[in-house]
Amino acid sequence: MEFGTPSNDILIEILSRVPDKPLARFKCVSKGWNNMICDPVFQKLQRQNSKAVISGFFFQLQDQYELSCQAKYVSIKDVQVFVQHTILNFLPENVYVIASNNGLLCCRNCWSSFHNPRKYQKVVYVCNPAIKKYVKVEGPKGLWTNSVDVIRGLGFFSDPFSYSMDDSSNFTLVWISEKVKFKSYSFHIYSSEIGEWRMSDEVCDCQSLIYNDSRSIFASGVLYWLTNHDEIVGFDVEKEKSMCIGLPVSTGQRFRDSCQKCIGESEGHLQCVFICDGDIKIWSLNCELKWVNKFSMSLASMGKEHPIFLYIDAKRKAYRKDLQSWIVPSAFNDEILLQKFICSFSNENGILSDVSMKFYMYNLFNRTLKEICTLDELGLFSDIGYHDKWGLIHGRLRSISHSMRA
1 MEFGTPSNDI
11 LIEILSRVPD
21 KPLARFKCVS
31 KGWNNMICDP
41 VFQKLQRQNS
51 KAVISGFFFQ
61 LQDQYELSCQ
71 AKYVSIKDVQ
81 VFVQHTILNF
91 LPENVYVIAS
101 NNGLLCCRNC
111 WSSFHNPRKY
121 QKVVYVCNPA
131 IKKYVKVEGP
141 KGLWTNSVDV
151 IRGLGFFSDP
161 FSYSMDDSSN
171 FTLVWISEKV
181 KFKSYSFHIY
191 SSEIGEWRMS
201 DEVCDCQSLI
211 YNDSRSIFAS
221 GVLYWLTNHD
231 EIVGFDVEKE
241 KSMCIGLPVS
251 TGQRFRDSCQ
261 KCIGESEGHL
271 QCVFICDGDI
281 KIWSLNCELK
291 WVNKFSMSLA
301 SMGKEHPIFL
311 YIDAKRKAYR
321 KDLQSWIVPS
331 AFNDEILLQK
341 FICSFSNENG
351 ILSDVSMKFY
361 MYNLFNRTLK
371 EICTLDELGL
381 FSDIGYHDKW
391 GLIHGRLRSI
401 SHSMRA
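Residue numbering for the sequence shown is 1 to 406, as defined by full-length UniProt numbering.
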């Protein structure tokens, strides 16, 4: 990309203020435009001009029967830890937080798997917690009244200036259903401009299983969901085309339990974070759909640089307890990595009696590390029943980054 010429400077200034979704369309204008939009210098400028800045994290336990699913919010801008326990109380019912985009949250209502979940009306709430406004969207009618379709992922994205939640707010929902008999996925699309659901003609044939309520990531016009194997399912909302993308590193059956991963977004690209064999590795998916290793660091080195990161001590305790997933990448967005760190735990007769857990935020831009909060400060351990306490350790504690915009 050439800087300094009047025509290019004007074009760069205009396009750098265009949101990700419409910007992705301009790649087709010409080879020159495509090269410019894919240029890292331009992408950094565009991200600075059009994107909200992370202000905190939502934490929520996905309990077994969906009887208690209160979300907690922790701001990263506060000097002292301040947990907001009732931040979503303006909504008419309990919800699960699914995704965050441009200051808006996408949530779904809770339905109990203890009873027949098909009897519950599926409802999506798109809201702005900063101004306590929301829009209620009922799920596609008739989708869960048969025994063929199974609910999987819910995807969401919004325009950058939709956070006011007024009549001009524009957002899109994509709900995935799995046809178990045929091992394929269908996509149900809702546009706030039209105000109704429709089913896409696209069918994704993928043998991997998308986790129930798998966190969706939106990057440059495409929604992504992580699966239970070495694949990521993607759906280009504009083109209505699906894809199955292999992970940059094969976890394999041997390492599947000990190799922890999450997906995220940064600079308009899908990111994949691995914590495996004592190392953190972050891969970025470029415009040619190829993985590029952008960051590598050993956890021991991170512990030496930041004494508050008690890696060696926690590692010894985890090995004594035979705990493989003691450190987990929980969320990654805009070069900020949130890590769940299990310092210790104890159980009596199979019942988890105590857990010491910390959450650390690592900033790749300036290589700084900060302790966000502890499990005790979140108050989750005391809020849940004994049958759900193990979920704190075994992957049912969700973390989603968010940008508060009023």
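Every residue gets a Cβ at the ideal spot worked out from N, C-alpha and C, and that includes glycine.
Let me confirm a value: residue i is counted as buried when at least 16 other C-beta atoms fall within 10 Å, else exposed. Which label applies?
i: residue 159; result: buried
i: residue 264; result: buried
i: residue 101; result: buried
i: residue 122; result: buried
i: residue 201; result: exposed
i: residue 402; result: buried
i: residue 43; result: buried
i: residue 81; result: exposed
i: residue 204; result: buried
i: residue 250; result: exposed
i: residue 333; result: buried
i: residue 22; result: exposed
i: residue 93; result: exposed
i: residue 207; result: exposed
i: residue 261; result: buried
i: residue 103; result: buried
With residue i as the anchor, note down where its beta strand (DSSP E) starts and where it stops.
i: residue 176; result: 171-179
i: residue 245; result: 241-246
i: residue 75; result: 72-75
i: residue 329; result: 327-333
i: residue 205; result: 196-205
i: residue 229; result: Here residue 229 belongs to no beta strand (DSSP E), and DSSP marks it neither H nor E.
i: residue 56; result: 56-61
i: residue 188; result: 184-191
Provide the residue(s) that pair with residue i in DSSP beta bridges, ordered along the chain.
i: residue 235; result: 223 and 242
i: residue 17; result: Answer is none; residue 17 lacks a bridge partner.
i: residue 134; result: 127
i: residue 403; result: None; residue 403 has no bridge partner.
i: residue 103; result: Paired residues: none, contrary to the question.
i: residue 260; result: 275
i: residue 141; result: In the DSSP output, where bridge partners are listed per residue, residue 141 has none listed.
i: residue 358; result: 341 and 374
i: residue 311; result: Partner(s): none; residue 311 has no beta bridge.
i: residue 408; result: Limits of the chain in this structure are 1 at one end and 406 at the other, which puts residue 408 out of reach.
i: residue 96; result: 108
Can you name the start and end residues of the alpha helix (DSSP H) that residue i belongs to?
i: residue 35; result: 31-38
i: residue 300; result: 299-305
i: residue 376; result: 375-378
Is it true that the CB of residue j sits closer than 8 Å to the CB of residue i?
i: residue 178; j: residue 152; result: yes
i: residue 237; j: residue 172; result: yes
i: residue 30; j: residue 55; result: no
i: residue 372; j: residue 361; result: yes
i: residue 97; j: residue 105; result: yes
i: residue 59; j: residue 369; result: no
i: residue 108; j: residue 95; result: yes
i: residue 299; j: residue 285; result: no
i: residue 165; j: residue 186; result: no
i: residue 223; j: residue 174; result: yes
i: residue 396; j: residue 61; result: yes
i: residue 235; j: residue 157; result: no
i: residue 27; j: residue 37; result: yes
i: residue 192; j: residue 24; result: no
i: residue 418; j: residue 355; result: Here the chain has residues from 1 to 406 only, and residue 418 is not among them.
i: residue 363; j: residue 400; result: no
i: residue 359; j: residue 380; result: no
query = On the three-pair Cβ rule with 8 Å, is the segment 295-303 touching the segment 223-242?
reply = no
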